[in-house]
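Notes follow the structure.
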Amino acid sequence: MDSNALIIIISLTLVGLGCGIAIFLANRFLPEEDKQLKKTEEISKYLPGANCGACGQPGCFAYAGEVAKNSDILKKSPCMQLMNDEKKLKELSEYLGLDLSGSSTKKIAVVHCSGDSEILFEYKGINSCKSASLLSAGYKKCPFGCLGFGDCAAVCPVNAISIDQKKKVAVVDPKKCIGCGLCVNECPFQLIEIIPAEMPQYLACNYLSKKNIPNRERCSIGCIHCRLCVKASEKGEVTWDEQKDLPYFDPEKCVSASAAIDKCPKKVIFPINK
Amino acid sequence: MDNLFAIFISMALINNLVLSKFLGLCPFFGVSKKLSNAISMGLAVIMVMMAASIVSWFLYFHLLIPFGIGYMSTVIFILVIASLVQILELTIRRTNVTLYNSLGIYLPLITTNCAVLGITFINVRTGYNLIETIVSALGAGVGFTLVLAIMSGIRERLELADIPESFKGIPVAFLVAMMLGICFIAFSGMV
Numbered sequence: 007m008d009s010n011a012l013i014i015i016i017s018l019t020l021v022g023l024g025c026g027i028a029i030f031l032a033n034r035f036l037p038e039e040d041k042q043l044k045k046t047e048e049i050s051k052y053l054p055g056a057n058c059g060a061c062g063q064p065g066c067f068a069y070a071g072e073v074a075k076n077s078d079i080l081k082k083s084p085c086m087q088l089m090n091d092e093k094k095l096k097e098l099s100e101y102l103g104l105d106l107s108g109s110s111t112k113k114i115a116v117v118h119c120s121g122d123s124e125i126l127f128e129y130k131g132i133n134s135c136k137s138a139s140l141l142s143a144g145y146k147k148c149p150f151g152c153l154g155f156g157d158c159a160a161v162c163p164v165n166a167i168s169i170d171q172k173k174k175v176a177v178v179d180p181k182k183c184i185g186c187g188l189c190v191n192e193c194p195f196q197l198i199e200i201i202p203a204e205m206p207q208y209l210a211c212n213y214l215s216k217k218n219i220p221n222r223e224r225c226s227i228g229c230i231h232c233r234l235c236v237k238a239s240e241k242g243e244v245t246w247d248e249q250k251d252l253p254y255f256d257p258e259k260c261v262s263a264s265a266a267i268d269k270c271p272k273k274v275i276f277p278i279n280k
Numbered sequence: 747m748d749n750l751f752a753i754f755i756s757m758a759l760i761n762n763l764v765l766s767k768f769l770g771l772c773p774f775f776g777v778s779k780k781l782s783n784a785i786s787m788g789l790a791v792i793m794v795m796m797a798a799s800i801v802s803w804f805l806y807f808h809l810l811i812p813f814g815i816g817y818m819s820t821v822i823f824i825l826v827i828a829s830l831v832q833i834l835e836l837t838i839r840r841t842n843v844t845l846y847n848s849l850g851i852y853l854p855l856i857t858t859n860c861a862v863l864g865i866t867f868i869n870v871r872t873g874y875n876l877i878e879t880i881v882s883a884l885g886a887g888v889g890f891t892l893v894l895a896i897m898s899g900i901r902e903r904l905e906l907a908d909i910p911e912s913f914k915g916i917p918v919a920f921l922v923a924m925m926l927g928i929c930f931i932a933f934s935g936m937v
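The following block contains the structure:
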């Protein structure tokens, strides 16, 4: 133990001490931090942190900042992932002192296509629905059908969308889906719709045209616009969307239309299994 | 003046920290997915590098060398950089929230960044004086930002490119980094 070792120990301790004191002083004498920031950080703890951007803000932290400024944002442009998480939503509403119970409506995405259509020609090109859709409305016989390249699956933040490679159709797993709605804009045929999770069934077809386009017929289970489902539903569970010429299930009511499912000659109304 | 300019160019382009010294590779691949993130990160790195270089220069030449304990520099520098970043983060957080939102989340990433530690060592080992140290740290930071910005621009394009399945993501980023490194060799004759 010579004096050199002593110097090392003392000088290192002093440098460490100096750093500690400097941080202490900085902490003590800097102005108080913005209260908004503290609130923002508190709120961001309750948010999912997936930074999916479906709420319209660049990330969960930015969304928390907006909520800290004005808590009405939670109702106006709700975070779908948060709305599906009842426990966290309750904690956040307690923290903000707000009643959010009414707005807790789970939503999920459905793909209005069964993917049963035959192949019209072989598509060889960029692996994306957007580019495949530009070539004579897709390579399938049905000009409205899902092309199955998975543009929607690529943006899904929770991997709820899988592609059935045999039928070339996107399938949403209702258990995983958080209803964020990112996939809706990805589909070039607008096949994906966000509906309330309580909805017991959906129409797996989007064949819009009333007349058949030559050589581009609907698939074997495509909707033939027969309106039997409307006739079968005595209490008006199913109505007819005249604009699209397809059956319409009112998202406000979310009633089960089991009679219509049975009556449908093509069996194209699919129940949603939860 | 010529000397300072040469140091700046040499640190920014020729002896680029990322591409020729292979320092700071984790932010290089981690934060280079988006151009805006890359530039924010780069600015934070420039700030921390300059502050760390100045403080470590004083410590090295006025504390460690007079006491003859230059070999303890690694420990001291890590300690000093870590606490410096803490103070910097506190200061930004308390005084400028807008700046904190754009830079703040990257500051803790830099605390243990080898590029920052590397530049302090390069400065004291080469024996630069204070002005040269500042210029060299600035050059290194600018070089780091430049490479990060170039890389993020390329990676934004790579997202759209048709890449073989097994190369998607990090592997193709490494391949691009290699080509970028080869391009930067072209600067080696400048100074």
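Protein sequence lines correspond, in order, to chains U and R. Under this note's numbering, the first residue of the first sequence carries the number 7, and numbering increases by one thereafter. Under this note's numbering, the first residue of the second sequence carries the number 747, and numbering increases by one thereafter. Beta carbons are placed, not taken as given, at the ideal position from N, Cα and C, and that holds for glycine. Source: prediction; values computed, not measured.
- In the DSSP secondary-structure assignment, R222 (chain U) is bridged to U:I219.
- Below the 9 Å Cβ cutoff, chain U contributes I14, S17 and L18 as neighbours of M818 (chain R), in chain order.
- At the C-beta level, V175 (chain U) and C152 (chain U) come within 8 Å of one another.
- Spanning the alpha carbons of R871 (chain R) and I822 (chain R) requires a straight line of approximately 15 Å.
- Within the stretch 29-47 of chain U, the residues whose Cβ lies closer than 8 Å to some Cβ of chain R are I29, A32, N33, L36, P37, E38, E39, D40, Q42 and L43, listed in chain order.
- With fewer than three CB-CB distances shorter than 8 Å, the stretch 242-260 of chain U does not count as touching the stretch 766-782 of chain R.
- Assignment of beta-bridge partners to Q207 (chain U) by DSSP yields U:P277.
- From the listed residues U:E223, U:S134, U:I198 and U:K172, the smallest Cα separation to L126 (chain U) is found for U:E223.
- One alpha carbon belongs to L80 (chain U), the other to F804 (chain R), and they sit about 51 Å apart.
- The C-alpha of Y213 (chain U) lies about 15 Å from the C-alpha of C270 (chain U).
- Per the DSSP secondary-structure output, S168 (chain U) pairs in a beta bridge with U:V177.
- Pairing P206 (chain U) with C61 (chain U), the inter-Cα distance amounts to about 26 Å.
- Between the stretch 31-48 of chain U and the stretch 66-76 of chain U there are three or more C-beta pairs closer than 8 Å, enough to call the two in contact.
- In the DSSP assignment, L252 (chain U) falls within the unbroken beta strand (DSSP E) covering L252 to F255.
- Annotation: N90 (chain U) has no Cβ neighbours in chain R at a cutoff of 9 Å; minimum Cβ distance is about 26 Å.
- DSSP places T879 (chain R) inside the alpha helix (DSSP H), whose first and last residues are L876 to L904.
- Close CB contacts of G65 (chain U) within its chain, under the 6 Å cut and outside five residues either way in sequence, are with N57 (chain order).
- Neighbours of S829 (chain R) in chain U, taken as residues at a C-beta separation under 8 Å, are given in chain order as C25, G26, A28 and I29.
- Cβ-Cβ distances below 8 Å link G885 (chain R) to I753, F754, I755, S756, M757 and A758 in the same chain, with the five nearest sequence neighbours on each side left out; the list follows chain order.
- The three-state reading of DSSP puts P163 (chain U) in coil, since its state is none of H, G, I, E or B.
- According to the DSSP assignment, V918 (chain R) belongs to no beta strand (DSSP E) but to the alpha helix (DSSP H) extending over I916 to I931.
- Per DSSP, D91 (chain U) lies in no beta strand (DSSP E) and is assigned neither H nor E.
- Apart from sequence neighbours up to five positions away, the residues of its chain that approach V918 (chain R) with a beta-carbon distance below 7 Å are L904 and I909, ordered along the chain.
- Contacts with chain R (Cβ-Cβ distance below 7 Å) from the stretch 138-153 of chain U involve no residue at all.
- Residues of the same chain with a CB within less than 7 Å of the CB of I856 (chain R), apart from the 5 flanking positions on each side, are A790, V791, V794, V831 and V862 in chain order.
- Contiguous alpha helix (DSSP H) elements confined to the stretch 827-860 of chain R occur at 843-849 and 853-856, taking only those with 4 or more residues.
- Looking at the backbone, the Cα of C119 (chain U) and that of K259 (chain U) are separated by about 23 Å.
- Contact of I822 (chain R) with chain U is assigned, a C-beta pair being separated by under 8 Å.
- Under the three-state reduction of DSSP, I201 (chain U) is assigned to strand.
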